[in-house]
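Input: a single structure, listed below in structure tokens.
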Amino acid sequence: AQSVTQLDSHVSVSEGTPVLLRCNYSSSYSPSLFWYVQHPNKGLQLLLKYTSAATLVKGINGFEAEFKKSETSFHLTKPSAHMSDAAEYFCVVSGSSGGYNKLIFGAGTRLAVHP
Amino acid sequence: NAGVTQTPKFRILKIGQSMTLQCAQDMNHNYMYWYRQDPGMGLKLIYYSVGAGITDKGEVPNGYNVSRSTTEDFPLRLELAAPSQTSVYFCASSFPTRPEAFFGQGTRLTVV
Numbered sequence: 010a011q012s013v014t015q016l017d018s019h020v021s022v023s024e025g026t027p028v029l030l031r032c033n034y035s036s037s038y039s040p041s042l043f044w045y046v047q048h049p050n051k052g053l054q055l056l057l058k059y060t061s062a063a064t065l066v067k068g069i070n071g072f073e074a075e076f077k078k079s080e081t082s083f084h085l086t087k088p089s090a091h092m093s094d095a096a097e098y099f100c101v102v103s104g105s106s107g108g109y110n111k112l113i114f115g116a117g118t119r120l121a122v123h124p
Numbered sequence: 020n021a022g023v024t025q026t027p028k029f030r031i032l033k034i035g036q037s038m039t040l041q042c043a044q045d046m047n048h049n050y051m052y053w054y055r056q057d058p059g060m061g062l063k064l065i066y067y068s069v070g071a072g073i074t075d076k077g078e079v080p081n082g083y084n085v086s087r088s089t090t091e092d093f094p095l096r097l098e099l100a101a102p103s104q105t106s107v108y109f110c111a112s113s114f115p116t117r118p119e120a121f122f123g124q125g126t127r128l129t130v131v
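In structure tokens:
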């Protein structure tokens, strides 16, 4: 069975400081992993994806994530936070199951960015 | 370049009423999904469809029904609305060969 654990429900940073959102996954085979971002009262936007190519994945708006199989982690980072990064972030694992692309969502991490 | 379009954006229902949440995609995706999002719970799959005429239950299907008569449309029907169905509903779509899904803007439903 697949599962995703986002280790922090809330993260608060100051503008201009690094961002680290932590995600651990469980999968019986090599998974596809994603980070989605949800701004207030908006839909979910794909930030980046890992699909068994390069382990360091670059996404939009300066975010990147590193797939570490030995640690079963897929943490999201950004060198310098911007006020517009304040949002909810979801780590997602995907696997084909029963004929469809099954997405398993973490509970989400709410990122607050302070001036 | 619409992507996935959901209507309405907001709705208040009284207990026992019914309604249909509309979802349409223009990306020719075979797979479509309905999720609900509850605070602190991530997203849970309600129903999914792998093509026109084919639907199946997800994790939390009780109280909902779907149909898929065309590739583009995937409406979600709520019969006999209950307060437990107060949530934000997201429709999504994807290609079979690509795992990432594209989401609509969501429908915020309150049942009072």
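Going down the list, the sequences are from chains A and B. Under my numbering, think of the first position of the first sequence as 10, with each following residue one higher. Under my numbering, think of the first position of the second sequence as 20, with each following residue one higher. Even glycine gets a Cβ: it sits at the ideal position worked out from N, Cα and C.
Do you know whose CA, among the options, lies nearest residue i's CA?
i	options	result
A:A96	A:G104, A:K78, A:W44, A:E75	A:W44
A:C125	A:V22, A:Q47, A:G25, A:S37	Here chain A has residues from 10 to 124 only, and residue 125 of chain A is not among them.
B:T26	B:F93, B:I73, B:D75	B:F93
A:K77	A:V22, A:S93, A:L112, A:C32	A:C32
B:V127	B:T105, B:L95, B:T116, B:L62	The amino acid occupying residue 127 of chain B in the given sequence is Arg; Val does not appear at that position. Of the listed residues, the one whose Cα sits closest to B:R127 is B:T105.
B:G82	B:I73, B:L99, B:V69, B:E91	B:L99
A:V122	A:Y98, A:S39, A:M92, A:G104	A:M92
A:S35	A:L57, A:V28, A:S103	A:S103
B:P115	B:V23, B:D75, B:V107, B:S68	B:S68
A:S61	A:A74, A:V28, A:D94, A:P49	A:A74
B:H48	B:T129, B:V107, B:R96, B:E91	B:E91
B:T24	A:L53, A:L57, A:V28, A:V20	A:L53
A:H19	B:L64, B:T129, B:G59	B:G59
A:G68	A:L42, A:G25, A:S82, A:Y38	A:L42
A:K111	B:I65, B:R96, B:L97	B:I65
A:N70	A:V22, A:V28, A:S23	A:V28
B:Q36	B:R117, B:P118, B:A71, B:L97	B:L97
B:M46	B:K63, B:A21, B:T129	B:A21
A:V113	B:G70, B:L62, B:D75, B:P102	Going by the sequence as given, residue 113 of chain A is Ile instead of Val. For A:I113, the nearest C-alpha among the options comes from B:L62.
B:E119	A:L57, A:T64, A:L30	A:L57
By DSSP's criteria, residue i is part of a beta bridge. Which residues make up the other side?
i	result
A:G104	A:K111
A:H84	A:E75
A:T14	A:N33
A:S23	A:H123
A:V28	A:K87
A:T60	Note: A:T60 sits in no beta bridge, so no partner.
B:Q36	DSSP, once it has assigned bridges, lists no residue as partnering B:Q36.
A:K67	A:E73
B:Q25	B:C42
A:S41	A:S103
B:V130	B:L32
A:A96	A:L120
A:Q47	A:L53, A:E97
Is the closest heavy atom of the ligand MN to the C-beta of residue i under 6 Å?
i	result
A:A74	Here there are no bound small molecules, and the ligand MN is not part of this structure.
Pull out every residue of the stretch 109-123 of chain A whose Cβ sits closer than 8 Å to any Cβ of chain B, in chain order.
Cβ contacts with chain B come from Y109, N110, K111, L112, F114, G115, A116, G117.
For the stretch 101-112 of chain B and the stretch 45-62 of chain B, state whether three or more C-beta atom pairs, one from each stretch, are separated by less than 8 Å.
By the criterion of at least three beta-carbon pairs nearer than 8 Å, the stretch 101-112 of chain B is in contact with the stretch 45-62 of chain B.
Taking 8 Å as the cut-off, does the stretch 82-97 of chain A touch the stretch 86-95 of chain B (at least 3 CB pairs, one atom from each stretch)?
The answer is no - the stretch 82-97 of chain A does not touch the stretch 86-95 of chain B, with fewer than three Cβ pairs under 8 Å.
Segment contact, 8 Å Cβ cut-off, at least three pairs: the stretch 110-121 of chain A with the stretch 12-32 of chain A:
The stretch 110-121 of chain A is in contact with the stretch 12-32 of chain A.
For the stretch 51-64 of chain B, which residues have a CB atom closer than 7 Å to at least one CB atom of chain A, in sequence order?
Only G59, M60, G61, L62 from the stretch 51-64 of chain B bring a Cβ to less than 7 Å from some Cβ of chain A.
May I ask you to verify whether the stretch 114-125 of chain B touches the stretch 32-51 of chain B, counting CB pairs closer than 8 Å and requiring at least 3?
Touching, yes.
Complete runs of the beta strand (DSSP E) confined to the stretch 42-119 of chain B [at least 3 residues]
The qualifying runs are 50-56, 62-70, 73-76, 83-85, 95-97, 106-113.
Contact set between the stretch 93-106 of chain A and chain B, restricted to residues whose Cβ is under 7 Å from the partner:
Listed in sequence order: F99, S103.
Listed from N- to C-terminal order along the chain, which residues in the stretch 18-48 of chain A have their beta-carbon within a distance smaller than 8 Å of any beta-carbon of chain B?
Per Cβ criterion, the list reads S18, S41, F43, Y45.
Chain-ordered residues of the stretch 47-66 of chain A with a beta carbon less than 9 Å from chain B
Here the close residues are Q47, N50, K51, G52, L53, Q54, L55, K58, T60.
By the 7 Å beta-carbon criterion, what residues does the stretch 73-107 of chain B contribute toward chain A?
Hits within the stretch: zero.
Give me the subset of the stretch 34-46 of chain B whose CB atoms are less than 8 Å from a CB atom of chain A, sorted by chain position.
Result list empty, no residue passes.
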